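Student:
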Amino acid sequence: MKKKLIAGNWKMNGGLTANESLVKALLAGLKSPSCQVALCAPSIYLSQLQLLLAGGPVDLGAQDMSQHEAGAFTGEISGAMLKEFGIRYCIVGHSERRQYHGETDALVAEKAQRALACGITPIVCVGETLSEREAGKTEEVVKRQLAAVIHTNGHCISEIVVAYEPVWAIGTGKTATTEQAQQVHAVLRGQLKAASAHADRIQILYGGSMNASNAAQLLSQPDIDGGLVGGASLKPVDFLSIIDAAR
Ligand code: PEP
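All the letters of the sequence shown, read from the start, carry residue numbers 592 to 838 under my numbering.
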C-alpha cells in the first residue's frame, strides 16, 4: 500500500543552533514512523541537516532549484548540487515563489523536469487564491497548473509528488475543510489518471495550515496522501502529532 508522506517546509526559518535542537527533538520522538517523513530546509542548511539526519527515517528536501543544468545563473542552485547533499525531494512552484518571484506554470514544469532528470522527486505545488476560489475558478486554476507539468514531463509524471495548497490557507490559520480538500484532490487524481496508468501511486499532499488538531481528519480522506506542513513543522511536538496521524 502507498505510504503517506509528511513533508515539513521550514521556509526562510532556522539557524544552526535552532536546527540542531529541532532535528534532535524530532528524531527523539520518531521511533519508526508508519509514514514517510521529510524536511525541506533553506539550502544553506542542507549540509548541516544531511549530517543530522544521516541513517535516520527522515528524508531531506530543498525548497527550490534552478531549471538550468549549470552555468551563468548567479544565485541559483542546481539539481546536481542538491543531489550531492543527499536531497530526495525538492518543492517546486510553491505559491510564495509564484507570487514573489513571478514563477509561471511553464517554469514550474521545467523545474520539475530538471529535478526528475537529477533523480530528485519534485513536490509540485498547485493551488488557487481566495479571489479565484470566490470566482468559482478553483478547478480551472489547479488543472491548468498541473497540466503544464504533465505536458512537459509526459510519462515521468508518475514519479512526482503533488501538493494541493490553497493559497488562502497558507500561513493564515484557515484550513480548507476536509470536503473542500478532498474535492480538489479527487479532481487532481482524475487528471493524473488521464495522463498516467500509474496515477494511483502518486502522492497528493494537502498543505495550508495543517496542524495537530486538523491533520487526522484531513489525512483520512481517500485522495489525501499526506501533508506539506509549514508553520507546524517548526514545532517538534506538533509535527510529531501530524506524523502520528498519518497512518
Ligand atoms: C507551506 O508553506 O507550504 C504551508 C502549507 O504553510 P502553513 O502550513 O504554515 O500554512
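The beta-carbon is built from N, C-alpha and C at its ideal position, and this holds for glycine as well. As the structure is a prediction and not an experimental result, all values here were calculated from the model.
When burial is assigned at 16 or more other CB atoms within 10 Å of the CB, is V828 buried or exposed?
Tutor: What you label residue 828 is simply residue 237 of the sequence shown in a count that begins at 1. By the neighbour-count rule (16 or more Cβ atoms within 10 Å), V828 is not buried but exposed.
Student: Three or more beta-carbon pairs under 8 Å between the segment 755 to 765 and the segment 788 to 807, yes or no?
Tutor: yes
Student: May I have a chain-ordered list of the alpha helix (DSSP H) segments no shorter than 4 residues that lie completely inside the segment 785 to 833?
Tutor: Those alpha helix (DSSP H) runs which fall completely within the segment 785 to 833 and span 4+ residues are 806 to 810.
Student: Counting beta carbon pairs with one atom in the segment 695 to 702 and one in the segment 763 to 774, are three or more of them shorter than 8 Å?
Tutor: In this structure the segment 763 to 774 does not lie against the segment 695 to 702, because fewer than three pairs of beta carbons, one per stretch, are closer than 8 Å.
Student: Given this structure, state the Cα-to-Cα distance separating R724 from Q812, to the nearest angstrom.
Tutor: Taking the first residue of the sequence shown as position 1, residue 724 is located at position 133. Taking the first residue of the sequence shown as position 1, residue 812 is located at position 221. Rounded to whole angstroms, R724 to Q812 spans 21 Å at the Cα level.
Student: Within the continuous beta strand (DSSP E) that includes G652, where are the two ends?
Tutor: Sequence index remark: in the sequence shown, residue 652 carries index 61 (1-based). That run of the beta strand (DSSP E) goes 649 to 653.
Student: Have a look at L810 and A663 and give me their C-alpha separation to the nearest angstrom.
Tutor: As a working mapping, residue 810 is identified with position 219 in the sequence shown. As a working mapping, residue 663 is identified with position 72 in the sequence shown. So the two alpha carbons sit approximately 43 Å from each other.
Student: List in chain order: all unbroken beta strand (DSSP E) runs of 3+ residues lying wholly within the segment 658 to 740.
Tutor: 680 to 683, 712 to 717
Student: Tell me, please, which residues DSSP counts as bridged to L596.
Tutor: Locating residue 596 in the sequence shown gives position 5, where the first residue counts as 1. In the DSSP assignment, L596 is bridged to Q627, G817.
Student: Grab me the residues of I834's own chain with a C-beta within less than 8 Å of its C-beta, minus the 5 sequence neighbours each way, in chain order.
Tutor: In the sequence shown, residue 834 corresponds to position 243, counting from 1. So the list reads I597, L621, P624, C626, V628, once near-sequence residues are dropped.
Student: Using a Cβ-Cβ cutoff of less than 6 Å, which residues in the same chain neighbour L841 once the five nearest sequence positions on both sides are dropped?
Tutor: Outside the displayed span of the chain (592 to 838) sits residue 841, for which this structure offers no information.
Student: Taking the C-alpha atoms as reference points, what is the distance between T720 and W759?
Tutor: The residue given as residue 720 occupies position 129 in the sequence shown. The residue given as residue 759 occupies position 168 in the sequence shown. Rounded to the nearest whole angstrom, the C-alpha separation of T720 and W759 is 6 Å.
Student: Name the DSSP beta bridge partners of V753, please?
Tutor: The residue given as residue 753 occupies position 162 in the sequence shown. The partner list for V753 (beta bridge, DSSP) reads V715, I795.
Student: Using the three-state DSSP reduction, which class does G605 fall into: helix, strand or coil?
Tutor: Working through the sequence shown from its first residue, we reach residue 605 at position 14. Residue state, collapsed to three classes: coil.
Student: Note down the Cα distance separating T608 from L637, rounded to an integer number of angstroms.
Tutor: Taking the sequence shown and counting its residues from 1, one reaches residue 608 at position 17. Taking the sequence shown and counting its residues from 1, one reaches residue 637 at position 46. Their backbone Cα atoms lie some 14 Å apart in a straight line.
Student: Span of the alpha helix (DSSP H) holding S638?
Tutor: If you number the sequence shown from 1, residue 638 lands on position 47. Its alpha helix (DSSP H) spans residues 637 to 644.
Student: With distance defined between alpha-carbon atoms, name the residue in Q704, M672, E660, Q654 nearest to H746.
Tutor: Working through the sequence shown from its first residue, we reach residue 746 at position 155. Checking every option, the nearest Cα to that of H746 belongs to Q704.
Student: Straight-line CA distance for I682 to S787?
Tutor: Taking the sequence shown and counting its residues from 1, one reaches residue 682 at position 91. Taking the sequence shown and counting its residues from 1, one reaches residue 787 at position 196. Answer to the nearest angstrom: the Cα atoms are 21 Å apart.
Student: Does any heavy atom of ligand 1 sit closer than 7 Å to the C-beta of S800?
Tutor: As a first step, residue 800 is located in the sequence shown; it is residue number 209 there, counting from the start. With a cut-off of 7 Å, the C-beta of S800 is classified as near ligand 1, since at least one heavy atom of the ligand falls inside that distance.
Student: If we count the other Cβ atoms within 10 Å of its Cβ and call it buried at 16 or more, is A823 buried or exposed?
Tutor: To locate residue 823, count along the sequence shown from 1; it is residue 232. A residue is called buried when at least 16 other Cβ atoms come within 10 angstroms of its Cβ; A823 meets this threshold and is buried.
Student: Suppose you measure from the CA of S762 to the CA of V820; what does that come to, to the nearest Å?
Tutor: Mapped onto the sequence shown, residue 762 falls at position 171. Mapped onto the sequence shown, residue 820 falls at position 229. Note on residue identity: the sequence assigns Gly, not Ser, to residue 762. Distance between the alpha carbons of G762 and V820 is about 10 Å.
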